[in-house]
Amino acid sequence: MVSLTNRILISLALMALAGFAVLLNPILDRVERQYLEATEEPMVDVAEILAALLSNQGGHAILAPEAWRSGMESVKAKPLNAKIYNLMKDKVLMDFYITDAAGRLIYDSGTVGQVGEDFSIYLDVARTLRGEYGARSSRLDEADPTSSVMYVGAPIVNDGEIIGVLTVYKPQRSMLLFIIETKQRLIRLGLLAVGLVLLLGWLLSKWVTQPLRRLTAYAAAVSRGERPPAPVMPGRHLRILGESTEAMREALENRKYVESYVQSLTHEMKSPIAGIRGAAELLQEDLPAAKRTQFLANIELESARLQNLVDQLLALASLENRTELGDPVEIELGALIRRIVNHHESSRLNKKIHFELQLSDECRVEGELFLLETALNNLLQNAIDFSPLEGRIEIRAWLEARQVVISICDEGPGIPEFALERIFDRFYSLPRPHSERRSSGLGLCFAREAVELHRGSLQVGNREDQAGAEAVIRLPQL
């Protein structure tokens with residue numbers, strides 16, 4: 000399918016080429032005629048001047064043109080070195096011939112005719128003898144369009160009577176260089192104009208389609224499950240389109256969100272509710288004090304589990320409804336990670352886990368401290384839960400391509416292949432290796448939402464170098 004930008008460019012190209020053909024073709028055709036007109040005008044002057052000179056000599060000039068012959072021979076023998084713009088003129092190209100009152104050729108300085116030949120059949124002679132303006136353009140070779148010669152006649156007068164005709168003539172070939180050069184210049188200017196139109200059209204298409212590209216990219220990001228900010232659209236109509244798209248996204252996302260939450264929450268609440276209900280039923284019986292204490296502890300444990308589930312759901316729901324950070328501050332991630340590690344000191348001691356830290360002091364980002372601290376805390380807690388006794392957890396932070404990269408690696412069993420695609424699903428959790436208990440399944444989901452709200456990314460997968468899982472966070476560098 001042809002893109003909108005290409006459609007605009009193709010349309011402009013067709014219009015430019017059509018305009019080029021419609022406007023330039025008549026101009027190119029007119030160029031040759033204008034050069035011929037510009038050449039004919041001084042030829043009239045030359046013919047009239049030479050005819051006047053002959054007229055002042057009376058009939059003697061008609062009967063004895065030998066004086067003209069010697070003069071023309073010396074003119075043609077004289078070398079020329081006249082540079083006329085791009086043309087180097089090295090010889091005289093204009094000639095003339097003389098006829099008597101009957102139109103018979105008396106003298107020709109060139110080679111167009113023979114003395115005594117009847118030239119009264121040509122317009123330049125016939126019309127001039129009738130007292131009219133006589134001119135013509137004829138080909139020396141009918142098959143060669145470049146062999147055309149221009150002829151302009153003037154009357155030779157004696158005592159008020161036309162006694163002959165003097166015609167100057169010049170081959171059009173001498174003007175071809177100017178004509179071709181002018182046509183080429185016009186074609187180059189026309190092509191340049193077409194190129195400029197296409198360039199302006201390309202810029203215009205970019206300007207017109209850029210908002211649509213932003214809207215398309217926004218829709219594509221939404222379809223991938225991301226939560227990008229709504230694009231800022233220029234113009235009233237595009238702004239309405241952008242707002243409508245954002246409203247549609249929110250409506251669809253909210254509907255899907257509610258359906259997913261109801262199903263997942265119902266499933267997750269079944270187990271603790273069943274535990275509380277079972278313990279409550281047993282407590283109605285006459286039980287030993289130790290058993291009653293045990294069942295009461297179970298009720299308290301399951302109640303705390305429900306409370307924790309509700310609290311995490313509320314925090315996640317609040318986070319998912321946000322599209323931008325509120326009051327971000329500068330955060331030094333190295334110090335933040337060290338503080339989080341210290342909070343897990345008791346867990347580390349219980350499992351005899353060794354923390355290996357490689358933290359750059361230049362890792363600074365802009366964001367909300369609570370969200371990033373909670374996200375990192377969730378990831379570190381996962382690494383501790385799945386680490387073996389006396390295992391090692393590597394936490395690194397470094398700069399890479401104007402991004403801050405944080406890596407948390409453990410030496411646990413890793414993530415099963417079937418779970419890799421569901422690792423960020425709400426309420427999805429894997430059993431811990433030592434207790435077989437599961438978490439709420441909301442920690443990784445919260446971590447990813449928090450990171451993406453900071454225009455970053457979170458990837459969780461298996462380590463390539465050895466057994467264990469790895470979580471990698473990428474955030475824009477401050």
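Going by numbering that gives the first Met the number 0, the sequence shown wraps up at 477, each residue one higher than the last.
Where is the CB? At the ideal position from N, CA and C, for every residue including glycine.
query                                                                                                                    : result
Classification of residue 341 by the beta-carbon crowding that lies within 10 angstroms, buried from 16 upward           : exposed
Separation of residue 101 from residue 159, as counted between CA atoms                                                  : 17 Å
Alpha-carbon to alpha-carbon, residue 217 and residue 293                                                                : 54 Å
Local Cβ density within 10 Å of residue 171, reported as buried at 16 or more and exposed below that                     : buried
One or two residues paired with residue 87 in a DSSP bridge                                                              : 82
Within the region 118–191, ranges of the beta strand (DSSP E) (whole runs, at least 3 residues)                          : 133–138, 147–157, 160–170
Whether residue 522 touches residue 286 by CB criterion (7 Å)                                                            : The structure shown does not extend to residue 522, since the chain spans only 0 to 477, so no value can be given for it.
Contact under 7 Å by Cβ, residue 355 with residue 393                                                                    : yes
Cα-Cα separation between residue 352 and residue 390, rounded to whole angstroms                                         : 5 Å
Through-space distance from residue 328 to residue 337, alpha-carbon basis                                               : 18 Å
Residue 405 versus residue 395: straight-line alpha-carbon distance, rounded                                             : 6 Å
Start-to-end residues for the alpha helix (DSSP H) that takes in residue 380                                             : 368–385
Between the CA atoms of residue 54 and residue 156 - distance to the nearest angstrom                                    : 5 Å
Alpha-carbon to alpha-carbon, residue 132 and residue 80                                                                 : 34 Å
Backbone secondary structure at residue 354 - three-state DSSP                                                           : strand
Cβ-based neighbour list, residue 125, same chain, cut-off 6 Å, excluding 5 preceding and 5 following                     : 119
Check whether residue 148 and residue 168 have beta carbons under 7 Å apart                                              : yes
Per DSSP, cross-strand counterpart(s) of residue 475                                                                     : 402
Nonlocal neighbours in the same chain, by C-beta distance under 6 Å from residue 474, ignoring five residues either side : 364, 403, 453, 455
Close Cβ partners of residue 195 (< 8 Å) along its chain, the five nearest in sequence each way excluded                 : none
The region 370–384 in contact with the region 440–450 per 3-pair CB rule at 8 Å                                          : yes
C-alpha gap between residue 465 and residue 382, whole angstroms                                                         : 15 Å
For residue 28, three-class secondary structure by DSSP                                                                  : helix
C-alpha gap between residue 472 and residue 210, whole angstroms                                                         : 30 Å
Own chain residues within Cβ distance below 7 Å of residue 88, not counting five before or after                         : 79, 81
For residue 208: DSSP bridge partner residues                                                                            : BP columns for residue 208 are empty, so no partner.
Segment limits, beta strand (DSSP E) that includes residue 482                                                           : What is shown of the chain runs 0 to 477, which leaves residue 482 out entirely.
Own chain partners of residue 39 with C-beta closer than 7 Å, once the 5 adjacent residues on each side are dropped      : 134, 149, 151
Any C-beta of chain B under 7 Å from that of residue 459                                                                 : Of the chains in the structure shown, none is chain B; there is only one protein chain.
Residue 417 classed as buried or exposed, judged by whether at least 16 other C-beta atoms fall within 10 angstroms      : exposed
Within 7 Å, strictly: CB atoms of residue 139 and residue 153                                                            : no
CB of residue 461 within 7 Å of CB of residue 470, strictly                                                              : no
Residues sharing a beta bridge with residue 462, DSSP                                                                    : DSSP lists no partner for residue 462.
Length of the line joining the Cα atoms of residue 432 and residue 377                                                   : 17 Å
Backbone secondary structure at residue 414 - three-state DSSP                                                           : coil
Collapsed DSSP secondary structure at residue 394 in the structure displayed                                             : strand
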